[in-house]
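In our numbering, the protein residues as written are 187 to 331.
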């Protein structure tokens with residue numbers, strides 16, 4: 187599994203939306219996050235299709251979260267953009283039957299299934315609210331006396 191630029195942009199974009207109390211326009215996100223606007227429009231469409239953001243049309247329109255940031259996990263974001271997390275082709279629900287029946291294939295599949303489960307659990311344990319909080323802490327000014 188590789189986290190693509192599309193997923194990175196999606197995480198950064200939804201963090202920008204979550205950080206704002208107002209509707210957030212694609213143009214604003216693109217500028218602040220240094221993401222190509224046309225590409226970002228595609229990413230935001232995937233986040234909308236995944237039920238993570240809502241689009242408000244019209245003058246002054248933009249994007250807002252579809253639910254509270256504490257209810258959106260990193261896994262939700264990744265899967266909205268990339269689809270289900272599968273470390274091996276045969277670990278997808280529909281692909282399971284295509285794997286060979288050799289005992290070595292079963293062992294390898296079982297090992298990677300465990301790794302995949304651990305990765306998915308890690309992504310599930312991180313919420314959008316956690317990411318925004320971490321960002322706010324890292325960008326807060328520090329004062330030295």
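The beta-carbon is built from N, C-alpha and C at its ideal position, and this holds for glycine as well.
Buried is the label assigned to residue 202, since at least 16 other Cβ atoms lie within 10 Å of its Cβ. The shortest CA-to-CA distance from residue 196 to any of 217, 214, 221, 205 is the one to 221. Counting only the Cα atoms, residue 251 lies some 14 Å from residue 212.
Taking all protein chains shown into account, residue 263 has 16 or more neighbouring C-beta atoms within 10 Å of its C-beta and is therefore buried.
Counting along the chain, residue 236 sits inside no beta strand (DSSP E), nor does DSSP assign it H or E at all. Along the region 201-264, the beta strand (DSSP E) occurs as fully enclosed runs of 3 or more residues at 239-242, 248-251, listed in sequence order. About 4 Å separates the beta carbons of residue 315 and residue 256, which is inside the 8 Å limit, making them a contact pair.
If the five residues before and after residue 242 are omitted, its C-beta is found closer than 8 Å to the C-beta atoms of 209, 248, 249, 250, all from its own chain and listed in chain order.
In this chain, residue 311 is not harboured by any alpha helix (DSSP H), its DSSP state being neither H nor E. Between the C-alpha atoms of residue 293 and residue 214 there is a straight-line separation of about 49 Å.
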